[in-house]
Structures are given as structure tokens and as C-alpha cells.
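Trainee:
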Amino acid sequence: MSITKLLTACGFALASLSLAAGAHAAADTTQTTAKKTVKKSTKASKKAAKAEEAPKAPDEEADEPAITDSAVTEFDCELGNKITIYANTNDEAHIALRWKKRLHRLTRVGTTTGANRFENKLYGLIWIGIPAKGMLLDSKQNRQLANECRNAEQMKPVAATEAGPTSTKITIQ
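The numbering of the sequence shown is the numbering used here, which starts it at 1008 and goes up by one.
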């Protein structure tokens, strides 16, 4: 066989392969465009179904609470931190707490010690109020955010008794 016949045969083979590959690629693009239109139509129908659904219920822990008609108590904490608590007399189970320019809704948690404990599990905030002070904790990072928080009433000095202390004599035998 001569070289020219060999080159001609290779040229025909190469040409037929390129034509076959082009036809195969054209078939693939028609299939992909058909799949894309099916996907687009299903996405559009899902969006339409979501639009027809009822509006989403408010999330009490994520949304900022309303603070109208609430009693306001401001706390000064160590390191210059400030906390404001809004308590509604009609709702003893919740408070609104302003921390770092954000208002959070906290829910009361029962305690055996009598301390006021309020939590927001979404943000991990815990407010503990005792008669002497209050503190704000972050349960997600396991650390204190604010400690030694006192309102104006708690900052007043404790009045000494007028009678004064009485001394008792102890004898050891």
C-alpha cells in the first residue's frame, strides 16, 4: 500500500469520526435543553405553590418583641456594659432584653432557688436576676456576657439597723 492511499484512508476515517462526534454533541444539547426546561417548569411550580401557602408564622425567639406599654428597667454592669429590660405586667412569662443594640425576647424558666431566669434558646442568651444583681450569659459559647448588673434600686446602699449590733460573750471551758 502506498503512503498516499494510507493518508487518504486516515483522512476519511478522521472526517467520519468528527461528523459522528458532531452529531452526538447535537443530540446531547437537545437532551440537556429539554431537561433544563423541565427543571425550570418544576421550579416555577414550586415557587407558585410557596406563594399560595399561608404567610409564615412569626418566630417569637427570632423576631424583635413589641415593647409598647412595658415597664423599663436599666442595668449598669461592670466593664461599662448596659442592659435594658422591658417587662409587661400582663405577660409574666416573657421579657424583652436590649443587649448590644438588639432586642431579644426571653422566656421564663422555672428555678428551685427563686431566681428570675429567662432564656432565648435561639441566640443562647440567659438572664439571671437575683435581688442583689443580674447577669447575662451566653449558653452557646459558655461564657458571661455581663456580670454585676445593677439597677438604680440595687445600687442604693443597704441601710444599717438603728439599734446597732449586739455583742454576745462566749466562754470556753
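Ideal Cβ placement from N, Cα and C applies to all residues, glycine included.
Bear in mind the structure is a predicted one, so any value in this text is a computation, not a measurement.
Starting from residue 1151 and walking both ways along the alpha helix (DSSP H), at which residues does that stretch end?
Mentor: Position 144 of the sequence shown, counted from the first residue, corresponds to residue 1151. Residue 1151 -> not in any alpha helix (DSSP H); beta strand (DSSP E) instead, spanning 1150-1156.
Trainee: Would you check if the distance between the CB atom of residue 1103 and the CB atom of residue 1110 is smaller than 7 Å?
Mentor: Against the sequence shown, residue 1103 aligns to sequence position 96. Against the sequence shown, residue 1110 aligns to sequence position 103. Cβ distance < 7 Å, so residue 1103 and residue 1110 count as in contact.
Trainee: Between residue 1074 and the rest of its own chain, which residues show a CB-CB distance below 6 Å, the 5 nearest in sequence each way excluded?
Mentor: Taking the sequence shown and counting its residues from 1, one reaches residue 1074 at position 67. Once the five neighbours on either side are set aside, the close Cβ partners of residue 1074 are 1093 and 1103.
Trainee: Mind checking who residue 1103 pairs with in its DSSP beta bridge?
Mentor: Position 96 of the sequence shown, counting from 1, holds the residue named residue 1103. Bridge partners of residue 1103: 1093 and 1112.
Trainee: In the DSSP assignment, what residue or residues form a beta bridge with residue 1078?
Mentor: For the purposes of this step, residue 1078 is taken as the residue at position 71 of the sequence shown. Answer is 1094.
Trainee: Thinking C-beta only, is residue 1125 closer than 7 Å to residue 1113?
Mentor: The sequence position of residue 1113 within the sequence shown is 106, counting from 1. The sequence position of residue 1125 within the sequence shown is 118, counting from 1. Yes, the pair counts as a contact, with Cβ atoms nearer than the cut-off.
Trainee: So, for residue 1158: in the same chain, excluding its five sequence neighbours on each side, which residues have a beta-carbon less than 6 Å away from its beta-carbon?
Mentor: As a working mapping, residue 1158 is identified with position 151 in the sequence shown. Cβ neighbours of residue 1158 beyond the five flanking positions: 1080 and 1082.
Trainee: If you run the structure through DSSP and keep just helix, strand and coil, what is residue 1064?
Mentor: As a working mapping, residue 1064 is identified with position 57 in the sequence shown. Any reading at residue 1064 must be qualified, since the residue scores a pLDDT of 49, below 50, and its modelled position is unreliable; the value itself is stated next. Secondary structure at residue 1064: coil, using DSSP grouped into helix, strand and coil.
Trainee: From the DSSP output, in three-state form, read off residue 1129 for me.
Mentor: For the purposes of this step, residue 1129 is taken as residue 122 along the sequence shown, with counting starting at 1. Collapsing the DSSP output to three states places residue 1129 in coil.
Trainee: With residue 1085 and residue 1155 assumed to form a contact (beta carbons below 8 Å), what rounded beta-carbon distance in angstroms separates them?
Mentor: As a working note, residue 1085 is residue 78 in the sequence shown. As a working note, residue 1155 is residue 148 in the sequence shown. Their Cβ separation, rounded to whole angstroms, is 4 Å, which keeps residue 1085 and residue 1155 in contact under 8 Å.
Trainee: Run the CB neighbour count on residue 1142, radius 10 Å, all protein chains shown included, and call it buried at 16 or more, exposed below.
Mentor: In the sequence shown, the residue the question calls residue 1142 occupies position 135. Answer is buried; the Cβ neighbour count reaches 16.
Trainee: Is residue 1136 closer than 7 Å to residue 1127 when the C-beta atoms are compared?
Mentor: Counting from one through the sequence shown, the residue named residue 1127 turns up at place 120. Counting from one through the sequence shown, the residue named residue 1136 turns up at place 129. Not closer than 7 Å, so no.
Trainee: Within 10 Å of its beta-carbon, does residue 1153 have 16 or more other beta-carbons around it, so buried, or fewer, so exposed?
Mentor: Looking up residue 1153 in the sequence shown gives position 146. Label assigned to residue 1153: buried.
Trainee: Rank 1116, 1129 and 1078 by C-alpha distance to the C-alpha of residue 1096 and give the top, closest one.
Mentor: Here residue 1096 corresponds to residue number 89 of the sequence shown, with the count starting at 1. Minimum Cα distance to residue 1096 is reached at 1078.
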